[in-house]
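Input: a single structure, listed below in structure tokens.
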Amino acid sequence: MRLRPHGWVVPVALLLLLSAEAVAQSGPESTSDLLLTNARLVTPATQTVERGTLHIEGEQVAAVLDEAPASFDGRILDVQGRWVLPGLIDTHVHSWGNAGPAFRERQLLQTAGTARALLFSGVTAFLDLFSPETYIFDLRNRQRTQGLRGADIYAAGPILTCPDGHGTEYGTPTRTVTSPSDARRTVDSLATREPDVVKLVYHPHRTERFPSMDRPTMAAVVEAAAAHGLPSVVHIESWRGAHEAIEAGVNAITHTPPAPLPDSTLAAMQAHGTAWIPTLAVHTELSHLLNHPSRLKNDLLRAVADSSLLAAYHDTSGVPQPIRSWVDRQSRHRGVRLQAVRKAAEANVPILAGTDAGNPGVFQGYSLHRELQLLVEAGLSNGEALAAATTAPARFLDASVGLQPGARANLLVLNASPLSDIHHTQAIHRVIHRGRVVDRSALQDKIDAATPDVPLP
Numbered sequence: 000m001r002l003r004p005h006g007w008v009v010p011v012a013l014l015l016l017l018s019a020e021a022v023a024q025s026g027p028e029s030t031s032d033l034l035l036t037n038a039r040l041v042t043p044a045t046q047t048v049e050r051g052t053l054h055i056e057g058e059q060v061a062a063v064l065d066e067a068p069a070s071f072d073g074r075i076l077d078v079q080g081r082w083v084l085p086g087l088i089d090t091h092v093h094s095w096g097n098a099g100p101a102f103r104e105r106q107l108l109q110t111a112g113t114a115r116a117l118l119f120s121g122v123t124a125f126l127d128l129f130s131p132e133t134y135i136f137d138l139r140n141r142q143r144t145q146g147l148r149g150a151d152i153y154a155a156g157p158i159l160t161c162p163d164g165h166g167t168e169y170g171t172p173t174r175t176v177t178s179p180s181d182a183r184r185t186v187d188s189l190a191t192r193e194p195d196v197v198k199l200v201y202h203p204h205r206t207e208r209f210p211s212m213d214r215p216t217m218a219a220v221v222e223a224a225a226a227h228g229l230p231s232v233v234h235i236e237s238w239r240g241a242h243e244a245i246e247a248g249v250n251a252i253t254h255t256p257p258a259p260l261p262d263s264t265l266a267a268m269q270a271h272g273t274a275w276i277p278t279l280a281v282h283t284e285l286s287h288l289l290n291h292p293s294r295l296k297n298d299l300l301r302a303v304a305d306s307s308l309l310a311a312y313h314d315t316s317g318v319p320q321p322i323r324s325w326v327d328r329q330s331r332h333r334g335v336r337l338q339a340v341r342k343a344a345e346a347n348v349p350i351l352a353g354t355d356a357g358n359p360g361v362f363q364g365y366s367l368h369r370e371l372q373l374l375v376e377a378g379l380s381n382g383e384a385l386a387a388a389t390t391a392p393a394r395f396l397d398a399s400v401g402l403q404p405g406a407r408a409n410l411l412v413l414n415a416s417p418l419s420d421i422h423h424t425q426a427i428h429r430v431i432h433r434g435r436v437v438d439r440s441a442l443q444d445k446i447d448a449a450t451p452d453v454p455l456p
């Protein structure tokens, strides 16, 4: 297998194990009518905290009240002054599982286990940006119609690339395009599967590794997606490629090139309202963990990642030279990537938190908390980082998320204020998903279950 610095996707041989997988049915974890009393209600978009009571009916927030009504006969949960905020959203996931430092060691969670690991970690929704389309769309649709347990699944399905382009090297079925007319036909066909976004690869002007679709073909993909009302997300590796995709009207770019963000590209992002998923975790965390192995002792990480997988990060004697070179590049380019994010945030470019989980050094669920810390290190305020993982991705995915009446009741209850310290997002007291209080202990028992609970037909 050719080593890649980001965008890992599980090989097709492993994906054959996933064909019968589904997420476990939701259990009776709470009544359908719930009051969260004595809460500090955190609104990330405004960075404000309000004392109050949250009334939840079914899967939605019904009202924000000053106090509990005397006639209420549902479940009352006194959170005793804890902080309540929207559940986190990871906007760049490959949900097959977790990888060791050289990708030889794998924790095959399947999307079922990933959805559980995410929910356990307070991540109540995620965007999968490359999985076999029939598998991921069938699973997503089943979750939406049958209320299956796990973080809410949003999916791109295939990655649109050129023949032999990035995305084809893993053996995972995907779709390739060769011309503008082919691109339009492909998007028209894909649209019948109702993807949540269209993902494409565009990295022109390269002289090594993989070819790329040309600029007219890229523009045709973006235009066809927009015609179907579908947001487009482009994998980029250079600012020049990002600029051309932005000018074509792409809705979001993902990844951070190892170079300063040009003023002209920043101006284009502002003019077009382009969102950015920097995925700082995938660009920095492998180096971070190999250089600071004590960070592997984090309680949340150990709860969602297999101990034998984590042990591989302690013994790096067998890490091949290409991975070591990648680690060196991560360390060398860390500062310029953080500076690029700071520059974009100061210019009010919409930042969406995403991890590229599934890559070495990046773990399902846990690493979104690290991504928030990296965004704050880059220069975002704690509230801005929270918005990047809650309300901003919700707007991008057209999902009603928040504390306002009518919003889906995906909530995180924390023991300490994330506005005072972003590390407090890991101080999880409760997770509420679609109005139900999640039994995190029972959920954790199922994270590593390789055998599906409810097989797909």
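All residue numbers in the sequence shown are consecutive under numbering that gives the first Met the number 0, ending with 456.
The beta carbon of each residue, even a glycine, is placed where N, CA and C say it ideally should be.
- Shortest Cα-Cα distance from residue 90 to any of 272, 401 and 196 involves 196.
- Assignment of residue 102 by DSSP, reduced to helix, strand and coil, places it in the coil class.
- Counting the other CB atoms within 10 Å of its CB gives residue 381 a total of 16 or more, which places it among the buried residues.
- Counted as a single uninterrupted DSSP element, the stretch harbouring residue 82 is not any alpha helix (DSSP H) but the beta strand (DSSP E) occupying residues 82-85.
- With a cut-off of 8 Å on Cβ pairs, the segment 62-71 is not in contact with the segment 82-98, counting fewer than three such pairs.
- For residue 340, the enclosing alpha helix (DSSP H) stretches over residues 320-345.
- Relative to the Cα of residue 102, the nearest Cα in the group 193, 315, 367 and 386 belongs to 315.
- The three-state secondary structure of residue 50, taken from DSSP, is strand.
- Excluding the 5 residues flanking it on each side, residue 75 has same chain C-beta neighbours closer than 7 Å at 34, 36 and 67, in chain order.
- In this structure, residue 275 lies near residue 348, with their beta-carbon atoms less than 8 Å apart.
- A distance below 8 Å separates the beta carbons of residue 185 and residue 159.
- Between the segment 252-264 and the segment 359-366 there are fewer than three inter-stretch CB-CB distances shorter than 8 Å, so the stretches are not counted as touching.
- A distance below 8 Å separates the beta carbons of residue 388 and residue 352.
- Residue 253 carries a strand assignment under DSSP once its states are collapsed to helix, strand and coil.
- Residue 187 is a Cβ neighbour of residue 223, given a cutoff of 8 Å.
- Within the segment 188-264, the complete alpha helix (DSSP H) runs of at least 4 residues fall at 214-226 and 238-247.
- Remark: fewer than three beta-carbon pairs, one from each stretch, lie closer than 8 Å, so the segment 120-127 and the segment 369-377 are not flagged as touching.
- The beta-bridge partner set that DSSP reports for residue 56 consists of 32 and 59.
- Only residues of its own chain outside the window of five on either side were considered, and among them 48, 82 and 84 have a CB closer than 6 Å to the CB of residue 41, listed in chain order.
- Note on residue 236: 16 or more other CB atoms within 10 angstroms of its CB, so buried under the neighbour-count rule.
- Scanning the segment 118-171 from its first residue to its last, the whole alpha helix (DSSP H) runs of 4-plus residues come out as 132-145.
- In this structure, DSSP gives residue 292 a helical state, which the three-state scheme calls helix.
- Taking each of 56, 50, 253 and 109 in turn and checking the Cα distance to residue 79, the smallest one comes out for 50.
- When DSSP states are grouped into helix, strand and coil, residue 413 belongs to the strand group.
- Boundaries of the beta strand (DSSP E) harbouring residue 76: 74-77, taken from the DSSP string.
- Contact between residue 401 and residue 59 is absent: CB atoms are separated by about 11 Å, not below the 8 Å threshold.
- For residue 429, there is no enclosing alpha helix (DSSP H); the residue is found in the beta strand (DSSP E) stretching over 427-432.
- In the assembly as shown, residue 120 is a buried residue. Its beta-carbon has 16 or more other beta-carbons within 10 Å.
- Classified as exposed, residue 296 has fewer than 16 neighbouring CB atoms from the shown chains inside 10 Å of its CB.
- Judged by DSSP secondary structure, residue 386 falls outside any beta strand (DSSP E) and instead within the alpha helix (DSSP H) spanning 381-387.
- Taking residue 269 as the centre and dropping the five residues before and after it, the same chain places the C-beta of 346, 347 and 348 closer than 8 Å to its C-beta, in chain order.
- Residue 304 carries a coil assignment under DSSP once its states are collapsed to helix, strand and coil.
- As a beta-bridge residue in DSSP terms, residue 89 pairs with 125.
- Contact between residue 431 and residue 410 holds, since their C-beta atoms are separated by about 4 Å, short of 8 Å.
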